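Novice: One structure coming up, written as structure tokens, with questions to follow.
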Amino acid sequence: MSGAGSGERTLELLIGPQHPASGHMRLVAEVDGDVVVRLRPDIGYVHRTVEKIAETKTYLQTIPLIERPPLADTANHNLGYVMAVERLLGVEAPPRAQWLRTLLAEMNRIHSHLYGLGIHGIMLGSSTAFMWAFGDREIMIEMAKRLTGARITYSYMIPGGVRRDLPPGFAEEMEKALRYLERRLPDYDRIFFSNPVTRARLEGVGVLTREDAIRLGVVGPNLRASGVAYDVRRARPYAAYPELDFQVVTRSEGDSMARMLVRVGEIRESIRMIRQILARMPDGPILAERYAKMIPPKWRDYVRETGRIKFPAILASLRPPKGAEAVSRVEAARGEAVFYLVSDGGPRPYRMRMVTPSLRNVVLFSHLTRGCRVADIPAIYGSLDYFPPEADR
Amino acid sequence: MVCGLSGTVLVGNLERSARRAARWLVERTPVRGIRDWGIKFSLWPVHFTTACCGAEFAAASAPRFDAERFGFLPFVGPRQCNLMLIEGTLTRKMAEAAVWVYEQMPEPKFVMSMGACAIDGGIFWNSYNIVRPKDILPVEVFVPGCPPRPEAVARSIIMLQKRIERGESVGLRV
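Protein chains in written order, with our numbering: chain A, 1 to 393; chain B, 394 to 567.
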């Protein structure tokens, strides 16, 4: 019993950090019978001090570091960080590199959304959704592996360009993968989204109104599910997004179901975008001229033949001008990610600030669960696609 | 403690002697082989996600890699689990929870640590908020990688099974 007086009728319930809903955080719920009076998320279980460590690593070494917190969504955060570094240095990636970055970002968005969908499935007790989503996620991971060489931590974007060009036959393989995914989405609809159990557990649960979404500063699909058509890719386009034709998926209901369906809609939009990218990819170099000419002559043939960049030594000791500051915003899979960098003229960032979408969405835990049932907590938690390492950094 | 049993008199701690006798019996060849074989194929990791390697751990349990074919089934309650997988970095706040969860698990219990961070800090080696799992838990198998590929997780499960079979990992805190 909480509180001192005997008149208190609420009970404090601790959920986690070891719980079925994929861990990393504790939810402190104050319950009155079965109704949640107040729910306080206890975050910080995965606080690994990324921002502080970034000050001890060079600009290039920081790329793998910022990929660790949002592990399911590395490409978008990598892109955001690299854009900030490029602004510090005054470098611009060539057009083909921009398109390749967008390609990987969209592939990552698909498999990150499928990851969220699978975790949501397991929170609702639907093992089928978990198995299907994680199985289909592997398709995109495999394609990304062919492009970058890594399963999920790509470190693909480097200041001034990307590491590798498209491998031969990539477009045809990708078309097969996209067709498979398109064929699968109606199956998900049949077995999971329009399943009466799923609908009963998600529809009308955790409703976030448009006004509250704006007031609380929510980002990403959670915001768009409440009817706000805000997307950084549209509001402040970057990389190849200005030239792509896509829609900002929104829904007006604002409940858990809407949040999930917005993600499914975004998977469809990403599939469309990947098709456009592969059809209209411009030719040209994949590394900015300023760095490409520093590749040692004996490696230039290798780079030309294989399309794999041999890092010029300058990348290991990038020194932006003293006092330079840069901010970049990207639309990561879970929402808007902001990177802020300050340079003191040395090879390491003076300060790296990383505002991740999960950090901005954590406020929803206490807002949406007020007055809901204890059984609704997983349904709401899963629909937020909250990734604790990303929020704690 | 002295017990009288129809004429015979047993002297000593009966409870402890019984336990020792049972242990002696179980440690003999036929029973022990069956026991280890049984443990080998029922390694149930507790669903305790400490950091980002959990994404690859989930992929290892998903259809493409399917760790369940080794009898490896992630489960919710620590009371029903005998394997703990430290999935990546262990922060100070999480280390406390890790020890609690480990203590709740029944014996025999095993600890595997996944990822470079769980070996010696990995990319976060100079962070002020991390703990090396080997300092607080008896880790049996280390899985290198950042994050380790799901194949590496599968291989580490087989390694642990072999260790159990050979009697190198008993999973008991004697």
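C-beta: ideal position from N, C-alpha, C; glycine also. Source: prediction; values computed, not measured.
Indicate whether at least one CB of chain B lies closer than 8 Å to the CB of residue 115 of chain A.
Specialist: Yes, because at least one Cβ of chain B sits closer than 8 Å to the Cβ of residue 115 of chain A.
Novice: Our contact map puts residue 132 of chain A next to residue 188 of chain A with C-beta atoms below 8 Å; I'd like the distance itself, whole angstroms only.
Specialist: With 8 Å as the limit, residue 132 of chain A and residue 188 of chain A qualify as a contact, their Cβ atoms being about 7 Å apart.
Novice: Here's the rule: buried if 16 or more other CB atoms are within 10 angstroms of the residue's CB, otherwise exposed. What is residue 406 of chain B?
Specialist: Flag for residue 406 of chain B reads exposed.
Novice: Flag this pair as yes or no: are the beta carbons of residue 304 of chain A and residue 178 of chain A separated by less than 8 Å?
Specialist: Contact flag unset, no.
Novice: How would you write the range of the beta strand (DSSP E) that residue 343 of chain A sits in, first residue to last?
Specialist: Its beta strand (DSSP E) spans residues 335-343.
Novice: Kindly list, in the order they appear in chain A, the residues whose Cβ is closer than 7 Å to that of residue 494 of chain B.
Specialist: Simply 18.
Novice: I'd like the list of long-range same chain contacts for residue 564 of chain B, defined as Cβ closer than 6 Å, with 5 residues on each side in sequence excluded.
Specialist: Closer than 6 Å at the Cβ level, and outside the excluded window around residue 564 of chain B, lie 501, 502, 503.
Novice: Kindly indicate which three-state DSSP category residue 254 of chain A falls into: helix, strand or coil?
Specialist: Looking at residue 254 of chain A - three-state DSSP - the assignment turns out to be coil, as it is neither helix nor strand.
Novice: Output, in sequence order along the chain, the residues in the stretch 511-524 of chain B whose CB is closer than 8 Å to any CB in chain A.
Specialist: Within the stretch 511-524 of chain B, the qualifying residues are 516, 517, 519, 520, 521, 522, 523.
Novice: Does DSSP put residue 441 of chain B in a helix, a strand or coil?
Specialist: Residue 441 of chain B falls in the coil class under three-state DSSP.
Novice: Counting only C-beta atoms, is residue 131 of chain A closer than 8 Å to chain B at any point?
Specialist: For residue 131 of chain A, the answer is yes, since a Cβ of chain B falls inside 8 Å of its Cβ.
Novice: For residue 394 of chain A versus residue 367 of chain A, is the C-beta distance shorter than 8 Å?
Specialist: What is shown of chain A runs 1 to 393, which leaves residue 394 of chain A out entirely.
Novice: In the DSSP assignment, find the unbroken alpha helix (DSSP H) run with residue 240 of chain A in it and report its ends.
Specialist: That residue, residue 240 of chain A, is in no alpha helix (DSSP H); it is neither H nor E in DSSP.
Novice: Taking residue 223 of chain A as part of the alpha helix (DSSP H), name the residues at either end of that continuous run.
Specialist: It spans 221-224 - the alpha helix (DSSP H) in which residue 223 of chain A sits, taken as one unbroken run.
Novice: Is it right to say residue 471 of chain B is buried, meaning 16 or more other beta carbons lie within 10 angstroms of its own, or is it exposed?
Specialist: Buried, by the Cβ-count rule.
Novice: From the DSSP output, in three-state form, read off residue 361 of chain B for me.
Specialist: What the structure shows of chain B is the stretch from 394 to 567, and residue 361 of chain B is not part of that stretch, so it cannot be assessed.
Novice: Taking 8 Å as the cut-off, does the stretch 140-148 of chain A touch the stretch 99-116 of chain A (at least 3 CB pairs, one atom from each stretch)?
Specialist: Yes, they touch.
Novice: By the criterion of Cβ-Cβ separation under 9 Å, what are the contact partners of residue 463 of chain B in chain A?
Specialist: Going along chain A, no residue has its Cβ under 9 Å from residue 463 of chain B, so there is no contact; the nearest lies around 17 Å.
Novice: Checking 8 Å against the spacing of the C-beta atoms, do residue 423 of chain B and residue 153 of chain A come in under that value?
Specialist: For residue 423 of chain B and residue 153 of chain A, no; Cβs fall outside 8 Å.
Novice: Measuring only between beta-carbons, confirm whether residue 138 of chain A sits less than 8 Å from chain B.
Specialist: So yes, residue 138 of chain A belongs to the interface.
Novice: Taking the alpha carbon of residue 309 of chain A as the point to measure from, which residue in A:166, A:317, A:124 has its own alpha carbon closest?
Specialist: The shortest Cα separation from residue 309 of chain A among A:166, A:317, A:124 belongs to A:166.
Novice: Could you tell me the alpha carbon to alpha carbon distance between residue 531 of chain B and residue 206 of chain A, rounded to whole angstroms?
Specialist: Cα-Cα distance, rounded: 42 Å.
Novice: Give the single residue among B:430, B:535, B:419, B:473 whose Cα lies nearest to the Cα of residue 505 of chain B.
Specialist: When each option's Cα is compared against that of residue 505 of chain B, the closest is B:535.
Novice: Any beta carbon of chain B sitting closer than 8 Å to that of residue 46 of chain A?
Specialist: Output row for residue 46 of chain A: interface = yes.
Novice: Between the stretch 191-202 of chain A and the stretch 225-241 of chain A, do at least 3 Cβ pairs fall closer than 8 Å?
Specialist: No: the two stretches stay apart, fewer than three of their Cβ pairs being nearer than 8 Å.
Novice: Between which residues of its own chain and residue 67 of chain A is the CB-CB distance below 7 Å, once the five residues before and five after are set aside?
Specialist: Closer than 7 Å at Cβ, skipping near neighbours: 74, 77, 78, 153, 155.
Novice: Could you tell me whether any Cβ in chain B is nearer than 8 Å to the Cβ of residue 72 of chain A?
Specialist: Interface residue, yes.
Novice: Buried or exposed for residue 257 of chain A, going by 16 or more other Cβ atoms inside 10 Å?
Specialist: Answer is buried; the Cβ neighbour count reaches 16.
Novice: By DSSP, does residue 498 of chain B sit in helix, in strand, or in coil?
Specialist: If DSSP states are grouped into helix, strand and coil, residue 498 of chain B belongs with coil.
Novice: Which residues bound the alpha helix (DSSP H) around residue 100 of chain A?
Specialist: 95-123 is the span of the alpha helix (DSSP H), which, as asked, contains residue 100 of chain A.
Novice: Determine whether the beta carbon atoms of residue 85 of chain A and residue 341 of chain A lie at a separation below 8 Å.
Specialist: The answer is yes: Cβ separation under 8 Å.
Novice: Starting from the beta carbon of residue 24 of chain A, find every residue of chain B whose beta carbon is closer than 7 Å, and list them in chain order.
Specialist: Neighbours of residue 24 of chain A on chain B, chain order: 442.
Novice: Taking all protein chains shown into account, decide if residue 400 of chain A is buried (16 or more other Cβ within 10 angstroms of its Cβ) or exposed.
Specialist: Residue 400 of chain A cannot be examined here, being either before or after the span of chain A that is shown, 1 to 393.
Novice: Give the secondary structure of residue 27 of chain A by DSSP, where H, G and I count as helix, E and B as strand, and everything else as coil.
Specialist: Three-state result, residue 27 of chain A: strand.
Novice: Considering only C-alpha positions, which residue in the set A:314, A:129, A:254, A:298 is nearest to residue 191 of chain A?
Specialist: It is A:129 whose Cα lies nearest to the Cα of residue 191 of chain A.
Novice: Please confirm whether residue 328 of chain A and residue 121 of chain A have their CB atoms less than 8 Å apart.
Specialist: Taking 8 Å as the Cβ cut-off, residue 328 of chain A and residue 121 of chain A do not qualify as a contacting pair.
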